[in-house]
Amino acid sequence: MDNSCPIAPGFIVAAPSSGSGKTTITMILIQGLKEKGLSLGTFKVGPDYIDPEFHKQIIGHDCYNLDLWAMTKHQIDKILYNLSCENDLIIGEGVMGLFDNMSITQNSTADVSLYTGLPILLVIDGKGMGQSIAALIQGFLTYKKDLKILGVIINNAKSDKHITIIKQAIDPLNIPIVGFIPYDEGIKIPSRHLGLHYDKKIDEDFLETLSKLGQNYIDFNLLQQLISNNSQTKKVQKKSNVFFNPWGQSVALAYDQAFSFVYPSMIHMWQDKGIEIKKFSPLNNEPPPNADTIYLPGGYPELYLKELSNNYTFSEGLRKAAYKGLKIYGECGGYMVMGRAIIDQHNNHYSMTGLFDNEFSFVEHKLHLGYRTVEICTDTIFGKKGTRFRGHEFHYANYVTYPQSNFLFQSYDSYNKDLGLYGQCRGNILGSFIHIIDRIDD
Numbered sequence: 068m069d070n071s072c073p074i075a076p077g078f079i080v081a082a083p084s085s086g087s088g089k090t091t092i093t094m095i096l097i098q099g100l101k102e103k104g105l106s107l108g109t110f111k112v113g114p115d116y117i118d119p120e121f122h123k124q125i126i127g128h129d130c131y132n133l134d135l136w137a138m139t140k141h142q143i144d145k146i147l148y149n150l151s152c153e154n155d156l157i158i159g160e161g162v163m164g165l166f167d168n169m170s171i172t173q174n175s176t177a178d179v180s181l182y183t184g185l186p187i188l189l190v191i192d193g194k195g196m197g198q199s200i201a202a203l204i205q206g207f208l209t210y211k212k213d214l215k216i217l218g219v220i221i222n223n224a225k226s227d228k229h230i231t232i233i234k235q236a237i238d239p240l241n242i243p244i245v246g247f248i249p250y251d252e253g254i255k256i257p258s259r260h261l262g263l264h265y266d267k268k269i270d271e272d273f274l275e276t277l278s279k280l281g282q283n284y285i286d287f288n289l290l291q292q293l294i295s296n297n298s299q300t301k302k303v304q305k306k307s308n309v310f311f312n313p314w315g316q317s318v319a320l321a322y323d324q325a326f327s328f329v330y331p332s333m334i335h336m337w338q339d340k341g342i343e344i345k346k347f348s349p350l351n352n353e354p355p356p357n358a359d360t361i362y363l364p365g366g367y368p369e370l371y372l373k374e375l376s377n378n379y380t381f382s383e384g385l386r387k388a389a390y391k392g393l394k395i396y397g398e399c400g401g402y403m404v405m406g407r408a409i410i411d412q413h414n415n416h417y418s419m420t421g422l423f424d425n426e427f428s429f430v431e432h433k434l435h436l437g438y439r440t441v442e443i444c445t446d447t448i449f450g451k452k453g454t455r456f457r458g459h460e461f462h463y464a465n466y467v468t469y470p471q472s473n474f475l476f477q478s479y480d481s482y483n484k485d486l487g488l489y490g491q492c493r494g495n496i497l498g499s500f501i502h503i504i505d506r507i508d509d
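Okay, so the sequence shown: first residue is 68 according to my numbering, each after it adds one.
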């Protein structure tokens, strides 16, 4: 039986820099193509959890992450296989600037485009530019000759005169203009920590705004023609490996507004192996259901400290599970909730579950951010000593008292700088600030 599948047609939305409007325009395109009756699969370049949630809210199913540094080719190809076999089109959203790397290796949006064969749809912020926009676009067209740029969308067009100036400047470049999006304060999304605002759902009014912007300012007929003209020949294989095996045949997954930073690729791989996922909500004071493993992912528990501190049924349920010897693993926000207390930015103390003796504080707001390679310090349920994973770290919390023993990981950044010892391991209870993405194949 042939377990290969050609990568579906599509494109990746990219820009010269962050803040150009990639996410908003990606959402406009997803909404517009969905309204045309197309089945869409989406992905986000890099480890970000937040933008994929916006994709998911529009298309109604999971958005994946694709990361050339943190993921093995096995995992990337499995994701591309799932996206291609289940959808008419694939839409990717890039990260930072088109050619910007987040690590020492080739890991840019351009590199993902070359790996997948999906061309780039380039978003240019036209604010404050006229004829100069042509020089900018020409630079991107010629910087990497083997990179296919499908067309451009101009964001923040101020007026008809502004549009005319830009059209005349771009015309000699022979690059299709797929749309001009006007400047509109009403479609800006406020930031939350490292990405977009995450603790609010997209409402119907916002979806209607996206729809109207697409209908009025995007040439979807041209876009679909450009997509169909871009031949795609690469095939990907269906993979069956699981990079992070849970411990047992069932996983109790904390999943709500406070705990939602979960990579769909991991959950889907578990489900492919017949592992049952049982979701529960600590925020709604639900105890962990009966399962072999309890998984507390990251999220924004700091937004709900009062509720979590008062949710005795959840806390006591987790402590009872630990007492029984169940396997419990927490990442970032989940790890902090496993500690004794969390102190908010106003120095208010909130008691947590106490599985670890640590306290964490937001009083001194310090950003901890970056890719991480981690190596298990000792034999654990996570794997044997020396087993290596790749992941990322981003948080503003700090230890009040740093652990002195029973560390889980030795950590390095993406440039192999030694960052010291991370996380904790106490029997079957494990946790750290690292969001695990993949296991490194030796």
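For every residue, glycine included, the Cβ atom is placed at its ideal position computed from N, Cα and C.
Next on the checklist: Using C-beta distances below 6 Å, list every residue in its chain close to residue 440, excluding the 5 sequence neighbours before and after it, in chain order.
Outcome noted: As a position in the sequence shown, residue 440 is number 373, starting the count at 1. Around residue 440: 457, 479.
Checklist entry - Can you tell me whether residue 160 is buried or exposed, with buried defined as 16 or more other CB within 10 angstroms of its CB? => result Within the sequence shown, numbered from 1, the residue matching residue 160 stands at position 93. Residue 160 comes out buried.
Next on the checklist: Measuring only from the beta carbon, is residue 189 closer than 7 Å to any heavy atom that is part of the ligand FMN?
Outcome noted: Of the ligands one can find in the structure shown there are none, so the ligand FMN has no counterpart to examine.
Checklist entry - Of all the beta strand (DSSP E) runs that stay within the bounds of the region 113 to 146, which reach a length of 3 or more residues? => result 131 to 133
Item to check | Span of the alpha helix (DSSP H) around residue 386 | outcome: To locate residue 386, count along the sequence shown from 1; it is residue 319. Segment 379 to 390, the alpha helix (DSSP H) holding residue 386.
Next on the checklist: Tell me the DSSP secondary structure of residue 283 in three-state form.
Outcome noted: Here residue 283 corresponds to residue number 216 of the sequence shown, with the count starting at 1. The answer is helix: DSSP assigns residue 283 an H, G or I state.
Next on the checklist: As an exercise, report each continuous beta strand (DSSP E) stretch of at least 3 residues that is fully enclosed by the region 213 to 250, in chain order.
Outcome noted: 216 to 224, 244 to 249
Checklist entry - Exposed or buried, which one is residue 88 when buried takes at least 16 other CB atoms within 10 Å? => result Within the sequence shown, residue 88 is the residue found at index 21, counting from 1. Under this definition residue 88 is a buried residue.
Item to check | C-alpha gap between residue 195 and residue 289, whole angstroms | outcome: Position 128 of the sequence shown holds residue 195. Position 222 of the sequence shown holds residue 289. Going by the C-alpha atoms only, they are around 27 Å apart.
Item to check | Of the residues 294, 169, 338, 165, the one placed nearest residue 135, counting alpha carbons only | outcome: Sequence index remark: in the sequence shown, residue 135 carries index 68 (1-based). Among 294, 169, 338, 165, the Cα nearest to that of residue 135 belongs to 169.
Next on the checklist: How far does the alpha helix (DSSP H) with residue 401 in it extend, from its first residue to its last?
Outcome noted: Along the sequence shown, read from residue 1 onward, the residue named residue 401 stands at position 334. Element bounds for residue 401: 400 to 404.
Next on the checklist: I'd like to know whether the C-beta atoms of residue 97 and residue 158 end up nearer to each other than 8 Å.
Outcome noted: Taking the sequence shown and counting its residues from 1, one reaches residue 97 at position 30. Taking the sequence shown and counting its residues from 1, one reaches residue 158 at position 91. Yes, the pair counts as a contact, with Cβ atoms nearer than the cut-off.
Next on the checklist: Going by DSSP, what residue range makes up the beta strand (DSSP E) through residue 182?
Outcome noted: By 1-based counting over the sequence shown, the position of residue 182 is 115. Looking at the DSSP string, residue 182 is not in any beta strand (DSSP E); the run it does join, the alpha helix (DSSP H), is 176 to 183.
Item to check | Strand pairing of residue 192, partner residues [DSSP] | outcome: Within the sequence shown, residue 192 is the residue found at index 125, counting from 1. The partner list for residue 192 (beta bridge, DSSP) reads 222.
Checklist entry - Which value, in whole angstroms, describes the spacing of the CA atoms of residue 406 and residue 465? => result Here residue 406 refers to the residue found at position 339 when the sequence shown is read from its first residue. Here residue 465 refers to the residue found at position 398 when the sequence shown is read from its first residue. If I take the Cα positions, the gap works out to 12 Å.
Checklist entry - What separation, rounded to the nearest whole angstrom, lies between the Cα atoms of residue 221 and residue 204? => result Residue mapping note: residue 221 aligns to position 154 of the sequence shown, counting from 1. Residue mapping note: residue 204 aligns to position 137 of the sequence shown, counting from 1. If you take the alpha carbons of residue 221 and residue 204, they lie about 11 Å apart.
Next on the checklist: For a test of the three-state rule: what should DSSP assign to residue 97, helix, strand or coil?
Outcome noted: By 1-based counting over the sequence shown, the position of residue 97 is 30. Residue 97 falls in the helix class under three-state DSSP.
Checklist entry - First and last residue of the alpha helix (DSSP H) that includes residue 202? => result On the sequence shown, residue 202 is found 135 positions in, with the first residue counted as 1. Per DSSP, residue 202 belongs to the alpha helix (DSSP H) from 199 to 210.
Next on the checklist: Can you tell me whether residue 351 is helix, strand or coil according to DSSP?
Outcome noted: Within the sequence shown, the letter at position 284 stands for residue 351. In the structure shown, residue 351 sits in coil (DSSP, three-state: anything other than H, G, I, E or B).
Checklist entry - So what's residue 426 in DSSP terms, helix, strand or just coil? => result Walking along the sequence shown from the start, residue 426 turns up at place 359. In the structure shown, residue 426 sits in a strand (DSSP, three-state: E or B).
Next on the checklist: Would you call the region 324 to 336 in contact with the region 163 to 182, where contact means no fewer than 3 C-beta pairs closer than 8 Å?
Outcome noted: no
Next on the checklist: Please state the DSSP three-state secondary structure of residue 459.
Outcome noted: Mapped onto the sequence shown, residue 459 falls at position 392. If DSSP states are grouped into helix, strand and coil, residue 459 belongs with the strands.
Checklist entry - Can you check whether the CB of residue 133 is closer than 8 Å to the CB of residue 125? => result What you label residue 125 is simply residue 58 of the sequence shown in a count that begins at 1. What you label residue 133 is simply residue 66 of the sequence shown in a count that begins at 1. Cβ atoms of residue 125 and residue 133: not closer than 8 Å.
Checklist entry - Where does residue 449 sit, in a helix, a strand or coil, going by DSSP? => result For the purposes of this step, residue 449 is taken as the residue at position 382 of the sequence shown. Three-state result, residue 449: coil.
Checklist entry - Using the C-alpha atoms, what's the distance from residue 396 back to residue 494? => result Position 427 of the sequence shown, counted from the first residue, corresponds to residue 494. Position 329 of the sequence shown, counted from the first residue, corresponds to residue 396. Taking the straight line from one Cα to the other gives about 11 Å.
Checklist entry - What is the DSSP secondary structure of residue 268, reduced to helix, strand or coil? => result Here residue 268 refers to the residue found at position 201 of the sequence shown. If DSSP states are grouped into helix, strand and coil, residue 268 belongs with coil.
Item to check | Rounded straight-line distance, which links the Cα of residue 467 to that of residue 383 | outcome: Taking the first residue of the sequence shown as position 1, residue 383 is located at position 316. Taking the first residue of the sequence shown as position 1, residue 467 is located at position 400. If you take the alpha carbons of residue 383 and residue 467, they lie about 24 Å apart.
Checklist entry - If you run the structure through DSSP and keep just helix, strand and coil, what is residue 109? => result Along the sequence shown, read from residue 1 onward, the residue named residue 109 stands at position 42. Note: residue 109 maps to strand in three-state DSSP.
Checklist entry - With a cut-off of 8 Å, does the C-beta of residue 455 fall near any C-beta of chain B? => result The structure shown contains no chain B; it is built from a single protein chain.
Next on the checklist: Using a Cβ distance threshold of 8 Å, determine whether the region 216 to 231 contacts the region 75 to 89, with at least three qualifying pairs required.
Outcome noted: yes
Checklist entry - residue 274 to residue 79, Cα distance in whole Å? => result As a first step, residue 274 must be located in the sequence shown, where it is residue number 207. As a first step, residue 79 must be located in the sequence shown, where it is residue number 12. Near 21 Å, if we compare the C-alpha coordinates of residue 79 and residue 274.
Item to check | Inter-residue spacing [alpha-carbon to alpha-carbon] between residue 202 and residue 192 | outcome: Sequence index remark: in the sequence shown, residue 202 carries index 135 (1-based). Sequence index remark: in the sequence shown, residue 192 carries index 125 (1-based). For residue 202 and residue 192, the distance between alpha carbons rounds to 13 Å.
Item to check | Outcome for residue 372 when other beta-carbon atoms lying within 10 angstroms are tallied against a minimum of 16 | outcome: To locate residue 372, count along the sequence shown from 1; it is residue 305. Its Cβ being crowded by 16 or more others within 10 Å, residue 372 is buried.
Item to check | DSSP-derived helix/strand/coil call for residue 260 | outcome: As a working mapping, residue 260 is identified with position 193 in the sequence shown. Because the pLDDT at residue 260 is just 41, under 50, the model does not fix this residue reliably, and the value given afterwards should be weighed accordingly. Reduced to three states, the DSSP call for residue 260 is coil.
Next on the checklist: For residue 177, which residues in the same chain have their Cβ closer than 8 Å to its Cβ, ignoring the five residues on either side in sequence?
Outcome noted: Against the sequence shown, residue 177 aligns to sequence position 110. Closer than 8 Å at the Cβ level, and outside the excluded window around residue 177, lie 81, 165, 166, 187, 211, 214.
Checklist entry - What is the DSSP secondary structure of residue 440, reduced to helix, strand or coil? => result The sequence position of residue 440 within the sequence shown is 373, counting from 1. Residue 440 falls in the strand class under three-state DSSP.
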